[in-house]
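Residue numbers 1 to 745, in the UniProt record's numbering, belong to the letters of the sequence shown in order. This report refers to the structure that appears directly beneath it.
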Amino acid sequence: MRESLEGSVGRRSREEEHESRSGSDNMDGASGDDQDAADKPPRKKRYHRHTPQQIQELEALFKECPHPDEKQRLELSKRLCLETRQVKFWFQNRRTQMKTQLERHENSLLRQENDKLRAENMSIRDAMRNPICTNCGGPAIIGDISLEEQHLRIENARLKDELDRVCALAGKFLGRPISTLATSIAPPLPNSSLELGVGSNGFGALSTVATTLPLGPDFGGGMSNALVPPSRPTTAVTGLDRSVERSMFLELALAAMNELVKMAQTDEPLWIRSLEGGREILNQDEYLRTFTPCIGMKSNGFVTEASRESGMVIINSLALVETLMDSNRWSEMFPCMIARTSTTDVISGGVGGTRNGALQLMHAELQVLSPLVPVREVNFLRFCKQHAEGVWAVVDVSVDTIRETSGAPSFVNCRRLPSGCVVQDMPNGYSKVTWVEHAEYEESQVHQLYHPLLRSGMAFGAQRWVATLQRQCECLAILMSSSVPTRDHTGITASGRRSMLKLAQRMTDNFCAGVCASTVHKWNKLNVGNVDEEVRVMTRKSVDDPGEPPGIVLSAATSVWLPVSPQRLFDFLRDERLRSEWDILSNGGPMQEMAHIAKGQDHGNCVSLLRASAMNANQSSMLILQETCIDAAGSLVVYAPVDIPAMHVVMNGGDSAYVALLPSGFAIVPDGPGSRGPTSNGQVNGNGSGGGGAERVGGSLLTVAFQILVNSLPTAKLTVESVETVNNLISCTVQKIKAALQCES
């Protein structure tokens, strides 16, 4: 017995040892499938045991990318001092191992389920062989109806009437009648064809799949419990309300998913190309003919914006879906667009460990970086569905109208109609993303300057989501690469680069929170006599935050129109050699770039450290941390003065959380089609037609924002002089920019 025990232990240790080895190190360099046993005599394989550090690096990359391309394998082999075939076969073996583990786990679950069903089947058969009367306990006569069964039938009829009444009430809020749970949610749900291989979006002819969402026990027997069942209430009414709400959410999510996929795949006549810029415009008449409104009719005073955009993104579909379904990762991917977001309720976590069928309630504050555009607060359902191998769709739809049933309706300034993206895997780790944005919003709260931009869908629309996604994924790909871009300063260590980028990200996030009155910080708006009407001034107290200097922080922001292209304006503001032409606080001295970290292929996407040379002996030199980013939807230049000793710590890989900074900067967007701008013959264009056949000069909307510490004591009172000083700082900066770009008139 002892010998058999030792033998089993030896076998197990050999199996574990085999899993940690690389299958790539047989003598002739071929995998097991490629070896021809007939040609060569069998010989003992020579195995190479990887070091723990090598295995750790390989496992880390495997979690991020189970199928690395040749370039990634080459980089990894150089970094780990391995041959490329060793890395290749390690990944092959690891994928096989994971597949085996998953199959073993699924078999175990199926075996348990099978045993459970067999036991239930046997108990039901026994009960059918020997029926017992519930009243007397003796043998029952088939065909008799007991008194208890009569009571149950009466109760069942009463509950059915109650359910019909609640569903009729719910239909009013959905804008259309909904069927009762007994008919609409009974298993199995009907299949719905979602053919994605239509039009120029290039999805290819994909297989038809079902849109069945696995449901919990409350929605019918025999279903997977992907939806978390609600806790059993003490009263039947509460459980009924919960079930009805969930059924409404489910029906809304399925309808929204169907609408999103059709809008992503259909071209004309639903989408029409505009003559100006070639962007796609939604044909509202065709839309109303094709779709039934998911969330009721448009409110009075609301206008509609709709846009669609496609693009190639360097991220695979699974990683993108995980990012969209996690509120924290979603906001990190779109930092300048999402001020704040949270998941309020997870109705379904998905099936089989994936996000397929995931359904959750979310809240978000969406922003355009300007004080003249209010933050959009939306409560919405987010539903994720896999339509084929490597093809996913994620849809959002507002739920404010449903939520109004439970209490007093809150004011809503925006409603999201079915919006989201369809993602299809492409070769080499890329995905094709087709994004659709469709919303209704109250235009009266938006300043006249931004009406054309919002109406065109360029402010909150699909183009901005796709452009931001492309830029952020490109940045992540560069940061994950072991090689340093050629234009980077190699003096900074890898850990120093990470610390600097983390600090720059915090700086940009704080800048965005200061431009828009989101709830990230508790701002108090000020109305002071001598401040320009277009300048919004806010104040807050900074206490116990190591990343900011303590005291009273004043934020001032304004937006202006300039007859300059966005690219020219961005190049001017980010150039450290031209900084003295607009930066009042830089003492007018020349600037020198000390460090540079690239964040994309475009030279404008980078983080840099600037040094202002002292003009005389009495002035101390200072450092300025600057982040610039640009994409098809707009650009950003954010900067903050930083302490020299603190930056030395950061550049050597130290913690950046304790570097105190207050950011200022600029946000630039195109002024939008049909904007009020001067035409080439000097006339003012009020209707976008160009007036007298002259072409309109392409312009930019520039937002200027400063955050300044006006008093180092948080308990101090704010003075009018401080507010006027900041107001003058903004006015002078705008005037200097206009003068430098020769657009003062």
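From the three backbone atoms N, C-alpha and C, an ideal C-beta is built for every residue, glycine too.
Flag this pair as yes or no: are the beta carbons of residue i and residue j separated by less than 7 Å?
i, j, result
"F570", "L578", "no"
"V726", "L585", "no"
"I730", "V704", "yes"
"L718", "T539", "yes"
"V391", "Q424", "yes"
"M362", "G672", "no"
"M312", "Y441", "no"
"G665", "V638", "yes"
"I492", "M622", "no"
List the whole-angstrom C-beta distance separating residue i from residue j, where the pair is believed to meet the contact cut-off of C-beta under 8 Å.
i, j, result
"I552", "A716", "6 Å"
"E322", "R355", "7 Å"
"Q360", "R382", "5 Å"
"T508", "P335", "6 Å"
"G653", "S499", "6 Å"
"A393", "L288", "About 23 Å; that fails the 8 Å criterion."
"P52", "L61", "P52 to L61, Cβ: 15 Å. No contact."
"C473", "I314", "5 Å"
"S370", "Y450", "7 Å"
"C512", "N605", "Not quite, the Cβ-Cβ distance comes to about 17 Å (not below 8 Å), so this is no contact."
"K502", "S656", "5 Å"
"A358", "G352", "Incorrect: roughly 11 Å between the Cβ atoms, too far for contact."
Under a Cβ-count criterion, where at least 16 other Cβ atoms within 10 Å of its own Cβ denotes burial, should residue i be classed as buried or exposed?
i, result
"A205", "Interpretation of A205 is limited by its pLDDT of 34, a score under 50 that renders its predicted location unreliable; no figure is taken from the coordinates."
"R471", "buried"
"N510", "buried"
"I624", "buried"
"V734", "buried"
"R416", "buried"
"A556", "buried"
"Y658", "exposed"
"E389", "exposed"
"Q742", "exposed"
"M128", "exposed"
"C421", "buried"
"N300", "exposed"
"R308", "buried"
"M297", "exposed"
"P269", "exposed"
"S247", "buried"
"K88", "buried"
"P663", "buried"
"C384", "buried"
"C732", "exposed"
"S231", "Below a pLDDT of 50, predicted positions are generally treated as unreliable, and S231, at 37, falls in that range; the measurement from the model is reported next regardless. By the neighbour-count rule (16 or more Cβ atoms within 10 Å), S231 is not buried but exposed."
"L320", "buried"
"L109", "exposed"
Taking DSSP's pairing of strands, which residues face residue i in a bridge?
i, result
"Q592", "R611"
"Y441", "V303, C414"
"W271", "L282"
"M312", "K432"
"E627", "V607, V638"
"residue 746", "In this structure the chain extends from 1 to 745, so residue 746 is not present and cannot be described."
"I708", "L554"
"P335", "Looking at the DSSP assignment, P335 forms no beta bridge with any residue, so it has no partner."
"S700", "L562, P670"
"A388", "V391"
"D161", "Bridge partners of D161: none, in fact."
"V378", "A364"
"I644", "The partner list for I644 (beta bridge, DSSP) is empty, contrary to what the question assumes."
Restricting to Cα atoms, I'd like to know which of the options is closest to residue i.
i, options, result
"R279", "V436, L709, E548, W90", "V436"
"A740", "A253, L562, P663, E332", "L562"
"E162", "V244, A633, L701", "V244"
"H447", "A477, T434, C421, V535", "V535"
"S444", "A459, G352, M426, C414", "C414"
"M325", "E103, E309, R611, S342", "S342"
"S712", "A477, S542, D631, E259", "S542"
"V560", "L479, L501, G699", "G699"
"L462", "L476, T434, L320, S635", "First, the residue type needs correcting, since residue 462 is Ala and not Leu in the sequence shown. A462 has its Cα closest to that of T434, out of L476, T434, L320, S635."
"D285", "C294, L275, N258, W271", "W271"
"I295", "H438, A640, C516, E721", "H438"
"R506", "W582, S331, A364", "S331"
"M647", "P670, A633, R611", "R611"
How about residue i: is its Cβ closer than 6 Å to a heavy atom in the ligand HEM?
i, result
"N121", "By its list of ligands, the structure shown contains no ligand whatsoever, and the ligand HEM lies outside what it can speak to."
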